[in-house]
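Converting from the sequence shown to this note's numbering requires adding 91 to each position, the first position being numbered 1.
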Amino acid sequence: MRASSTPPPQAPAQRGVFTATQASDAGYSSYRIRRLLRDGRWVVVMGSVYAECTAPLSQASLAWAGALAAGTESVVSHVTAARLWGLRTPSDPEVHVIAPRDSRLQVTGLRTHRVALAESEMCRLDGIVITTTIRTVLDCTLWLGEEAGRALLVDAVQRRLLVLDDVRTALRLMGQRHGLSRAWSIVADLSGGAHSEAEVRAHKILAAAGIRGWEANVAVHDLDGLVGVVDLLFEEAKVVVEIDGRAYHSDDLAFQRDRVRQNRLVAAGYTVLRFTWDDVVNNPDRLVALVRTAVAGTPAWVRPRRA
Numbered sequence: 092m093r094a095s096s097t098p099p100p101q102a103p104a105q106r107g108v109f110t111a112t113q114a115s116d117a118g119y120s121s122y123r124i125r126r127l128l129r130d131g132r133w134v135v136v137m138g139s140v141y142a143e144c145t146a147p148l149s150q151a152s153l154a155w156a157g158a159l160a161a162g163t164e165s166v167v168s169h170v171t172a173a174r175l176w177g178l179r180t181p182s183d184p185e186v187h188v189i190a191p192r193d194s195r196l197q198v199t200g201l202r203t204h205r206v207a208l209a210e211s212e213m214c215r216l217d218g219i220v221i222t223t224t225i226r227t228v229l230d231c232t233l234w235l236g237e238e239a240g241r242a243l244l245v246d247a248v249q250r251r252l253l254v255l256d257d258v259r260t261a262l263r264l265m266g267q268r269h270g271l272s273r274a275w276s277i278v279a280d281l282s283g284g285a286h287s288e289a290e291v292r293a294h295k296i297l298a299a300a301g302i303r304g305w306e307a308n309v310a311v312h313d314l315d316g317l318v319g320v321v322d323l324l325f326e327e328a329k330v331v332v333e334i335d336g337r338a339y340h341s342d343d344l345a346f347q348r349d350r351v352r353q354n355r356l357v358a359a360g361y362t363v364l365r366f367t368w369d370d371v372v373n374n375p376d377r378l379v380a381l382v383r384t385a386v387a388g389t390p391a392w393v394r395p396r397r398a
């Protein structure tokens, strides 16, 4: 029986976590393991996966714990995989894995998904078998709600972690999945340049009003360089339209950054219109009237609505 509480040799490569079997193979008896857990020198991370009480548990540690608890036939996926790929996701205390369809795996803290997964859709990252970036993004887009799924897909596209053509191909290969139609809708919106639900609605409102000629999500520069990517740009009229989404929140830093950006746009000769989610949903006529007035004088860009 070992007198120390030193973790098994596999622990460092597994970001500090290890299994009961690995501890046993390293010379710890069942009694000693129970004693270390009872004394608080080791802690249960998930199932029969442990860590030293002093070991800080990172996202990678938790992912390793989930992979070890789920077994070799399971693959780390969804929100957990997204975090490992550096994607921005909603907080989620569970570790997500894709398990075989006939799996009866039930472990507290482990969220099991039983969906088809091809070998080409998995890889190793930091030693863990994990879904590929594109499969991870699509799983999250299908599983998360409308707003969070859209935000994740937009984030991945904007950061060039994937391209829309590859997303379309992957969606076609996924077969029947819950949320698939919503994913296709988000891809269609991205193809049209809309990066949020509020932007999608604003695009439709302007199109229905016969207002044309704008570009979506365009980089604008001044003499000092890049000012930022604006939601809608009427280049000829030098009008910028910014749409704050439903989940828009502005802390002090964001507030200051927005004002600096807006001042630079105005100094560069742009008229800046800013609309909230409430404006888009409850005051579309006012939105249209303000945009129409701002771009007046450039008739080629504004066509009257047809009866």
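All C-beta atoms, glycine included, are put in the ideal place defined by N, C-alpha and C.
Counting along the chain, the unbroken alpha helix (DSSP H) around G240 starts and ends at 237–249. Taking a cut-off of 8 Å for Cβ pairs, the stretch 294–313 and the stretch 369–383 touch, as three or more such pairs fall below it.
Between V386 and L356, the gap from beta carbon to beta carbon reaches 8 Å or more. For H204, the secondary structure class from DSSP, reduced to helix, strand or coil, is strand. A distance of 8 Å or more separates the beta carbons of T203 and V220. By the neighbour-count criterion, in which 16 or more other beta carbons inside 10 Å mark a residue as buried, P100 falls on the exposed side. In summary, A279 is exposed, with fewer than 16 beta-carbon neighbours lying within 10 Å of its beta-carbon over all protein chains present. Under the DSSP assignment, N308 falls in the beta strand (DSSP E) whose first and last residues are 306–313.
The continuous stretches of alpha helix (DSSP H) do not include D193, and DSSP gives it neither H nor E. Straight-line measurement puts the Cα of R132 at about 6 Å from the Cα of E143. Of all C-beta pairs linking the stretch 173–186 to the stretch 120–128, fewer than three are shorter than 8 Å, placing the two stretches out of contact.
Just so you know, the alpha carbons of N308 and A151 end up roughly 34 Å apart.
Per DSSP, the continuous alpha helix (DSSP H) segment holding C231 begins and ends at 224–234. Cβ contact annotation for V140 (same chain, cutoff 6 Å, sequence separation greater than five): V108, T110, A156, L159, A160, in chain order. The residue from W275, E327, V318, L153 with its alpha-carbon nearest to that of L244 is W275.
The residue from S96, C231, V372 with its alpha-carbon nearest to that of E288 is V372.
Annotation for L317: A310, V311 place their beta carbon closer than 8 Å to its own, counting only its chain and skipping 5 residues before and after.
Under the three-state reduction of DSSP output, H294 falls in the helix class.
The alpha-carbon of A172 is positioned some 25 Å away from that of T112. Nearest to D116 by C-alpha distance, out of L128, A102, R129, is A102. With contacts defined as CB atoms closer than 8 Å, D256 and E290 fail to qualify as a contacting pair. With 16 or more other Cβ atoms inside 10 Å of its own Cβ, S168 counts as buried.
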